[in-house]
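Everything on this sheet refers to the single structure shown next.
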Amino acid sequence: MSDAAARPRLAAVIGWPIGHSLSPVIHRFWAEREGADAYYVPLAVEPSDAAFARACDALAALGFAGCNVTLPHKERALAYAARASRRAAAAGAANMLTFGPDGAEADNSDIPGFAEALREALGGTTPGGKAVVLGAGGAARAVTLALAEAGCRPILIANRSADKAAEVARLAAAAEAVPWSDRSDALAGAKILVNATSLGMTGAPALDIALDALPRDAVVADLVYAPLETDLLRRARARGLTTADGLSMLMHQAAFGYRAWLGARAEVDGALRAALEEAVARRKRA
Ligand code: NAP
Numbered sequence: 024m025s026d027a028a029a030r031p032r033l034a035a036v037i038g039w040p041i042g043h044s045l046s047p048v049i050h051r052f053w054a055e056r057e058g059a060d061a062y063y064v065p066l067a068v069e070p071s072d073a074a075f076a077r078a079c080d081a082l083a084a085l086g087f088a089g090c091n092v093t094l095p096h097k098e099r100a101l102a103y104a105a106r107a108s109r110r111a112a113a114a115g116a117a118n119m120l121t122f123g124p125d126g127a128e129a130d131n132s133d134i135p136g137f138a139e140a141l142r143e144a145l146g147g148t149t150p151g152g153k154a155v156v157l158g159a160g161g162a163a164r165a166v167t168l169a170l171a172e173a174g175c176r177p178i179l180i181a182n183r184s185a186d187k188a189a190e191v192a193r194l195a196a197a198a199e200a201v202p203w204s205d206r207s208d209a210l211a212g213a214k215i216l217v218n219a220t221s222l223g224m225t226g227a228p229a230l231d232i233a234l235d236a237l238p239r240d241a242v243v244a245d246l247v248y249a250p251l252e253t254d255l256l257r258r259a260r261a262r263g264l265t266t267a268d269g270l271s272m273l274m275h276q277a278a279f280g281y282r283a284w285l286g287a288r289a290e291v292d293g294a295l296r297a298a299l300e301e302a303v304a305r306r307k308r309a
């Protein structure tokens, strides 16, 4: 068959390292569920502009529809692209590249992916009110933009390195930086707390924060997904607070790439979560 439309649909995820990525599990799950002739491959690409451009040029030439981009290439992806969505340009980083005849288009699905995860945790309602974001890396930038789009205000940014918190605060009129040492007190009256640092991740130090000031109707989201239940989420649940874990955002951001490149249906549901939890448990045993 020579018809291009009959070829398998191809996408990839580029990172360094990449072995830990759960994105292939998500895309394989959706492709199998709808019987799509689609493949999604993890590619380890060295952290250099030349290696990144070489890999993307090759993917485009081989007929890949697009790729996700993860650490440490998200800023590089934006620089590589011929065009960028408003969201990717605002975030200064892209986690999606879609290849076309006129070059690659960059997008950032971490922003709507986080917004979806939060909405889901809130039972379908739109978040609002005061929010506190811990961290000032790429994930915190995406979260801050999503919270601002949802109409949250104020959005307080606390980060160990104060200069980076101030930089993230410049992304949105509603955002302002607060000292890292004030992070527990900053929670007074907050409707949303987001951990967008790597604290609490397996092998990283714990996140030291007192949750006492958070109101009873607050939502606590942790972007860390290894372990699945972080100490922060465990403490939040013990206080009866609503929570959203890192898997939730990961699944929702992936849906944008799957629908753009591989298939039509990308439901985020219990079956997908179970498949991911099983993959995580299998890796832990290996
Ligand atoms: P990043 O750019 O490397 O940022 C790391 C952040 O953690 C920075 O704000 C850093 O503060 C802070 N940090 C690291 N060690 C710290 C310490 N010992 N004490 C205080 N702060 C510390 O990483 P990222 O891409 O933003 O990712 C952040 C987290 O989100 C990671 O755990 C990542 O896996 C997760 N994530 C999840 C998803 C998802 O879909 N669930 C998506 C993206 C990211 P400094 O600025 O002071 O160094």
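Under this note's numbering, the letters of the sequence shown match residues 24 to 309, in that order. We put the beta carbon where it would ideally sit given N, CA and C, even for glycine. Owing to the predicted nature of the structure, the values given are computational and were not obtained by experimental measurement.
| Nonlocal neighbours in the same chain, by C-beta distance under 6 Å from A227, ignoring five residues either side | Sequence index remark: in the sequence shown, residue 227 carries index 204 (1-based). Once the five neighbours on either side are set aside, the close Cβ partners of A227 are S221.
Own chain partners of D208 with C-beta closer than 7 Å, once the 5 adjacent residues on each side are dropped = Counting from 1 along the sequence shown, the entry for residue 208 is found at position 185. Answer for D208: A236, listed in chain order.
Check your understanding: To which residues of the same chain is D161 closer than 7 Å at the C-beta, ignoring the five residues directly before and after it?
Key -> Against the sequence shown, residue 161 aligns to sequence position 138. Going by the sequence as given, residue 161 is Gly instead of Asp. Correct list, in chain order: K97, A116.
For V64 and A154, which I take to be in contact (beta-carbon distance under 8 Å), what is that distance rounded to the nearest angstrom? Position 41 of the sequence shown, counted from the start, is the residue given in the question as residue 64. Position 131 of the sequence shown, counted from the start, is the residue given in the question as residue 154. Going by Cβ atoms, the distance from V64 to A154 rounds to 36 Å, so no, they are not a contact pair.
Leaving out the 5 sequence neighbours to the left and right, which residues in its chain are closer than 8 Å to P40 when beta-carbon positions are compared?
Position 17 of the sequence shown, counting from 1, holds the residue named residue 40. Contacts found: A67.
Boundaries of the beta strand (DSSP E) in which G146 is found, first to last residue
Looking up residue 146 in the sequence shown gives position 123. Unbroken run through G146: none, as it is neither H nor E.
Handout entry: Residues with C-beta closer than 6 Å to any heavy atom of the ligand ADP, in chain order
Key = The ligand ADP is absent from the structure shown, which contains only the ligand NAP.
Could you pull out every unbroken beta strand (DSSP E) segment of at least 3 residues lying fully inside the stretch 150-187, listed in chain order? Taking only runs of at least 3 residues, the beta strand (DSSP E) segments lying wholly in the stretch 150-187 are 154-157, 178-182.
- Does the beta-carbon of P238 have 16 or more other beta-carbons within 10 angstroms, so that it is buried, or is it exposed? Stepping through the sequence shown from its first residue, residue 238 is reached at position 215. Label assigned to P238: exposed.
Review point. Got a sec, what are the start and stop residues for the alpha helix (DSSP H) F279 sits in?
Key: Along the sequence shown, one-based indexing puts residue 279 at 256. Counting along the chain, the alpha helix (DSSP H) containing F279 begins and ends at 269-284.
List the whole-angstrom C-beta distance separating F137 from A169, where the pair is believed to meet the contact cut-off of C-beta under 8 Å. Stepping through the sequence shown from its first residue, residue 137 is reached at position 114. Stepping through the sequence shown from its first residue, residue 169 is reached at position 146. F137 to A169, Cβ: 5 Å. Contact.
(request) Pull up the distance between the alpha-carbon of D292 and that of R110, whole angstroms please. (result) As a working note, residue 292 is residue 269 in the sequence shown. As a working note, residue 110 is residue 87 in the sequence shown. In a straight line, the C-alpha of D292 is about 26 Å away from that of R110.
Same chain, Cβ closer than 8 Å to P202, five either side skipped, listed in chain order
Within the sequence shown, residue 202 is the residue found at index 179, counting from 1. The answer, listed in chain order, is A181, A185.
Does the Cβ-Cβ distance between F122 and A83 come in under 8 Å? As a working mapping, residue 122 is identified with position 99 in the sequence shown. As a working mapping, residue 83 is identified with position 60 in the sequence shown. The answer is yes: Cβ separation under 8 Å.
| With respect to the alpha helix (DSSP H) encompassing I49, which residues constitute its N-terminal and C-terminal limits? | Position 26 of the sequence shown, counting from 1, holds the residue named residue 49. Element bounds for I49: 46-57.
C-alpha gap between G86 and L255, whole angstroms: As a working mapping, residue 86 is identified with position 63 in the sequence shown. As a working mapping, residue 255 is identified with position 232 in the sequence shown. G86 and L255: Cα-Cα distance of roughly 43 Å.
* Asked: Does the beta-carbon of H43 have 16 or more other beta-carbons within 10 angstroms, so that it is buried, or is it exposed?
  -> If you number the sequence shown from 1, residue 43 lands on position 20. Classification of H43: exposed, given that the 10 Å Cβ count is below 16.
- Grab me the residues of A213's own chain with a C-beta within less than 7 Å of its C-beta, minus the 5 sequence neighbours each way, in chain order. Here residue 213 refers to the residue found at position 190 when the sequence shown is read from its first residue. So the qualifying residues of the chain are K153, A154, V155, L237, A241.
Q: Could you tell me which of V92, A309, V303 sits nearest to A249, measuring between CA atoms?
A: Taking the sequence shown and counting its residues from 1, one reaches residue 249 at position 226. If we check each option's Cα against that of A249, V303 comes out closest.
For E199, report the span of its beta strand (DSSP E) as first-last. Taking the sequence shown and counting its residues from 1, the one referred to as residue 199 is at position 176. E199 -> beta strand (DSSP E) spans 198-202.
* To do: Figure out for me which residue from G174, R77, R258, A61 has the closest Cα to the Cα of A283.
  => Looking up residue 283 in the sequence shown gives position 260. Among G174, R77, R258, A61, the Cα nearest to that of A283 belongs to A61.
Could you check whether the stretch 87-106 touches the stretch 69-79, counting it as contact only if at least three pairs of C-beta atoms, one from each stretch, sit closer than 8 Å? Judged by Cβ distances under 8 Å, the stretch 87-106 makes contact with the stretch 69-79, as three or more pairs qualify.
### Of the residues I178, G126, M119, A35, the one placed nearest L157, counting alpha carbons only
By 1-based counting over the sequence shown, the position of residue 157 is 134. Measuring from the Cα of L157, the nearest candidate turns out to be I178.
**Message:** Would you call the stretch 134-149 in contact with the stretch 98-106, where contact means no fewer than 3 C-beta pairs closer than 8 Å?
**Reply:** no
Requested in this report: Could you spell out where the beta strand (DSSP E) holding G293 opens and where it closes?
Outcome: Here the question's residue 293 lines up with position 270 in the sequence shown. G293 -> not in any beta strand (DSSP E); alpha helix (DSSP H) instead, spanning 293-308.
Where do the N-terminal and C-terminal ends of the beta strand (DSSP E) with L251 fall, by residue?
As a position in the sequence shown, residue 251 is number 228, starting the count at 1. Unbroken run through L251: none, as it is neither H nor E.
* To do: Within the same chain, show all residues whose beta-carbon is closer than 7 Å to that of H275, passing over the 5 residues directly before and after it, in chain order.
  => Walking along the sequence shown from the start, residue 275 turns up at place 252. These residues qualify, in order along the chain: G136, E139, A140, V291.
For D205 and R56, the rounded distance between their alpha carbons:
As a first step, residue 56 is located in the sequence shown; it is residue number 33 there, counting from the start. As a first step, residue 205 is located in the sequence shown; it is residue number 182 there, counting from the start. Inter-residue distance for R56 and D205 is about 47 Å (C-alpha atoms, whole angstroms).
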